[in-house]
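Q: Just so you know, the sequences run in chain order A and B. Residue 273 in our numbering sits at position 235 of the first sequence, and the numbers go up by one each step. Residue 334 in our numbering sits at position 331 of the second sequence, and the numbers go up by one each step. Provided herewith is a single structure, encoded as structure tokens, for subsequent inquiry.
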Amino acid sequence: MLNNAAIIGCGQTRHSSKHREWNLAEMVAEAAFKAMEDAEVTPNEVDAIVVGNMQGFGGVAQPEMWLGDWVMGEHKPVLRITTGGTTGGSVGQGAYYSVASGLYDTVLALAWEKHSDSKEAGATTGLLHVALGNLFHAFNCGLSLKTLLGTTAVGAAAGVALYQAKFYMHRSGCRIEHLDMVAAKARRNGAKNPYAHLQIPNCTPEDIARTEMVAYPFRFGHICPASDGASAIVVASEKTARKKESHPSPTRRTRCRARTTEASECSTPPSRWAPASPPGRSTSRPESPTRKRK
Amino acid sequence: MAERVAIVGYAQSRHQFDMQMTREDMVFEVCKAALRHAGILREEVDTVVTASTDYLDGRTISNVFLSMAVGAYLKDESKVEEDGSFAALYAMMRIMSGAHEVAVVEAHTQASTFNPHQVSFYTLDPLFDRQVGVMNDVAAAAIQARMYMDRFGATEEDLAMVSVKNLGNAAYNPNAQRKMAGLSVDEVMASKLYYDPVRELTMSPISDGACALVLATEKRARQITDRPVWIQGVGFCHDAYLRDRDLSGLGSLQIAAGKAYDMAGIKEPMSELDFAEVTERFSHEELMIYEALGLCDKGRGKALIRSGVTDAGGEFPVNPSGGALGADPVCATGLIRLVEAAKQIRGEADGYQIEDVGRAIAHGQFGLCAQKNAVFILGGEPC
């Protein structure tokens, strides 16, 4: 038996390189309260909170210990899940499992990053540490520092990812122009998203191609920015979600269904995950991930 | 309750100050031992939840290179960044949701590489407390101890009696780090003073250690073992920040315990349960835990320790394994409590077995002054 869970509200801050108007706690609370307002739940109706960010990037260890109060976490179960770059997704999974287990009915999931609180964006120093153990292992096996620097492995996330990019390009025949196109598409789409950090309307692949080469094949334009921002979702049991849906509010209805990501879908037959058809609606059309207004 | 969950296997390391092993080796040994204890193969495990913190491990995304060591390669793996008992809870949720059947929970800390007390400074409010720079976890615990003692009239001797009991119990536990049989109250009172009234022997030692647990659904548990230990109730709760809460009590533990008791259908914990394994990083915390768990009235923790009810041979033993005062690999400590409770229920606690154990409490905590608490009710017989 699998319990269904639904996302009944979302909230996020605008993402930008420096949020000087908020401290970390205020930024997280901004997203949390937006999500709760969107879901039309009061903080008292939230049974549990799942939080996560990259440890140490904002310079605070276990930040939910002090910012728990800002998101009304006092005397509530607050679970911290962190899995590096996948933290946001893992936190969403945590909220799903909290509801699907039947232990909690309405769960708030929160993820954030405030890079500007670190002296330099954590994405460089922090991620270098990921490979550090292996680099030392390479030293033990006789790799010299000069060779190491020559491999540009010290370029942290970008330095490591370029091997993957090169390998992929070699195998697939993809060229650097294609990377330019991907980046340009993302920036053009970003221009339509009010929350996006990089919003460049009419960005062309040529614009990206003119940016500085960081480490072949990556140009500056190919690399994601380090943003300050927080996002939140409210996940609720099917019963609560349906109740909210039938609530005679003209502006909203819930459309999204929470599923766990790839791992769970691999482990269970897809048919079990097929969303139950909402009453009075055609099931032939796939449900739009964006919220439709009546 | 959607799906009943049982503990079907477990293992822990020999906790010591310096393991002389890499983190990966330590974790691998423990996970392998847990699977062997359960008698299952790595292929039969559906999901893995680990617990550790990047600060304590001294590296970013500390779980990435552990996925092979914990047997999570190409499996649905996640990491809880707090005590292992919260990881057990998350794994339990994953099983209860019906998506998974067998889960491995792993928690570890190598405190010899990174001093946990140093890290505690970074968990403080970065805008004020950290700038002032006088507080750390031991100082905060000392403030808590003094507030508790002043309010309820507990004395330093009461605190010392907790250490005498737990360190004495640890002497019979082969995995404990600080074994001190025949310790006296005077010796504890004469140990080095860190922050009044916290002394060397009334606070937990710095340990390396790891612990792993195998959880399964009812159906799988019956296939795997004939002695499953059922998780009958759970509760966990987070308290407000240090400055915004009543430090002289453990409000969040009281709420967590209440939820766990409700789930397990327990009205009178003292008479319906047989013993408890609790995480007491400092002696005074054990007295506060007695009260929050409802083993005695508020402020009567001192009476409980004085009467000897919670001794290993007493009516309601608390920490027969020696508790966190015996060994404290920070993130693993809560999970070790679960393992020790399961061990007693299965009658496998060689040398420190309590007689007639049916149901037990296991408690894990995390944060300054036990800010977060998780409570488990374990039982041998299906409820």
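Where is the CB? At the ideal position from N, CA and C, for every residue including glycine. Quantities reported herein were computed from a predicted structural model and do not represent experimental measurements.
Step through the CB atoms of chain A and report whether any lies within less than 7 Å of the CB of residue 43/B.
A: So no, residue 43/B is outside the interface.
Q: Would you identify the three-state DSSP class for residue 6/B, choosing helix, strand or coil?
A: Note: residue 6/B maps to coil in three-state DSSP.
Q: Answer yes or no: do residue 294/B and residue 301/B have a C-beta to C-beta separation smaller than 7 Å?
A: Yes. Within cutoff.
Q: Should residue 178/A be labelled buried (16 or more other beta-carbon atoms within 10 Å of its own) or exposed?
A: Exposed, by the Cβ-count rule.
Q: Excluding the 5 residues preceding and the 5 following residue 358/A in the sequence, name in chain order all residues of the same chain whose CB lies nearer than 8 Å to its CB.
A: For residue 358/A there is no data in the structure shown, the boundaries of chain A being 39 and 332.
Q: May I ask you to list the residues that DSSP assigns as paired with residue 113/B?
A: Partner(s): 211/B.
Q: Per the DSSP calculation, residue 258/A is bridged to which residue(s)?
A: DSSP, once it has assigned bridges, lists no residue as partnering residue 258/A.
Q: Expressed to the nearest angstrom, what Euclidean distance is found between the alpha-carbon atoms of residue 91/A and residue 104/A?
A: Rounded to the nearest angstrom, the two C-alpha atoms are 14 Å apart.
Q: Just grab the DSSP bridge partners of residue 206/B for me.
A: DSSP, once it has assigned bridges, lists 285/B as partnering residue 206/B.
Q: For residue 269/B, which residues in the same chain have their Cβ closer than 6 Å to its Cβ, ignoring the five residues on either side in sequence?
A: If we look at residue 269/B and ignore the five residues flanking it on each side, its Cβ neighbours are 275.
Q: For a contact defined as C-beta to C-beta under 9 Å, what are the partners of residue 129/B on chain A?
A: Chain A residues near residue 129/B: 61, 62, 96, 97, 98, 101, 104, 155.
Q: List in chain order: all unbroken alpha helix (DSSP H) runs of 4+ residues lying wholly within the region 179-253 of chain B.
A: Runs of the alpha helix (DSSP H) inside the region 179-253 of chain B: 188-193, 221-227.
Q: Can you give me the Cβ contacts of residue 56/B inside the same chain, cut-off strictly under 6 Å, excluding the 5 residues immediately before and after it?
A: So the list reads 84, once near-sequence residues are dropped.
Q: Using only the alpha-carbon positions, how far apart do residue 309/B and residue 136/B sit?
A: Whole-angstrom Cα-Cα distance: 37 Å.
Q: Suppose the cutoff is 7 Å on Cβ atoms and the five residues either side in sequence are ignored; what does the same chain contact list for residue 155/A look like?
A: These residues qualify, in order along the chain: 62, 96, 97.
Q: Kindly indicate the opening and closing residues of the alpha helix (DSSP H) around residue 349/B.
A: 336-349 is the span of the alpha helix (DSSP H), which, as asked, contains residue 349/B.
Q: Using a Cβ cut-off of 7 Å, which residues of the region 236-266 of chain B contact any Cβ in chain A, in chain order?
A: Going along the region 236-266 of chain B in chain order, one finds 239, 240, 241, 242, 243, 244, 247, 254, 255, 258 with a Cβ nearer than 7 Å to chain A.
Q: Could you check if residue 178/B is buried or exposed, using at least 16 other CB atoms within 10 Å of its CB as the buried criterion?
A: Burial call: buried.
Q: Quick one: using the 10 Å Cβ neighbour count with 16 as the cut-off for buried, is residue 49/A buried or exposed?
A: Result: buried.
Q: In the structure shown, what three-state DSSP assignment does residue 13/B receive?
A: Looking at residue 13/B - three-state DSSP - the assignment turns out to be strand.
Q: Spell out whether any CB of chain A is found under 7 Å from the CB atom of residue 136/B.
A: Chain A, which has no Cβ nearer than 7 Å to the Cβ of residue 136/B, makes this no.
Q: State the start and end residues of the unbroken beta strand (DSSP E) segment that holds residue 362/B.
A: Unbroken beta strand (DSSP E) run through residue 362/B: 362-369.
Q: Can you find a C-beta in chain D that's less than 7 Å from the C-beta of residue 368/B?
A: Here chain D cannot be found, since the structure's protein chains are A and B.
Q: Just grab the DSSP bridge partners of residue 79/B for me.
A: According to DSSP, residue 79/B bridges with 50/B.
Q: What's the gap between the Cα of residue 375/B and the Cα of residue 208/B?
A: Taking the straight line from one Cα to the other gives about 20 Å.
Q: DSSP three-state label for residue 60/B, please.
A: It is helical.
Q: Cutting at 6 Å between CB atoms, please list the residues of its own chain near residue 54/B, excluding the five before and the five after it.
A: Same-chain partners within the cutoff: 83, 87, 90, 110, 334.
Q: Determine the direct distance from the alpha carbon of residue 145/A to that of residue 232/B, and round the result to whole angstroms.
A: Those two C-alpha atoms are separated by around 29 Å.
Q: Provide the residue span of the beta strand (DSSP E) that contains residue 50/A, from first to last.
A: 43-50 is the extent of the beta strand (DSSP E) around residue 50/A.
Q: For the region 320-337 of chain B and the region 171-191 of chain B, state whether three or more C-beta atom pairs, one from each stretch, are separated by less than 8 Å.
A: With a cut-off of 8 Å, the region 171-191 of chain B and the region 320-337 of chain B count as touching, because enough Cβ pairs lie within range.
Q: Could you tell me whether the Cβ atoms of residue 162/B and residue 117/B are closer together than 7 Å?
A: It is not a contact, given that the beta carbons lie outside the stated cut-off.
Q: I need the boundaries of the alpha helix (DSSP H) containing residue 227/A, first residue and last residue.
A: Looking at the DSSP string, the run of the alpha helix (DSSP H) that includes residue 227/A is 214-230.
Q: Under a CB-based cut-off of 7 Å, is residue 51/B close to chain A?
A: Not closer than 7 Å to any Cβ of chain A, the Cβ of residue 51/B fails to qualify, so no.
Q: What do you get for residue 12/B, buried or exposed, if any count of 16 or more other CB atoms within 10 angstroms of its CB means buried?
A: By the 10 Å Cβ count, residue 12/B comes out buried.
Q: Give me, in chain order, the residues of the same chain whose beta-carbon lies closer than 6 Å to that of residue 378/B; leave out the 5 immediate sequence neighbours on both sides.
A: Excluding residues within five positions, the ones whose Cβ falls inside 6 Å are 238, 259, 260, 263, 366.
Q: Quick one: grab the DSSP three-state call for residue 292/B.
A: It is helical.
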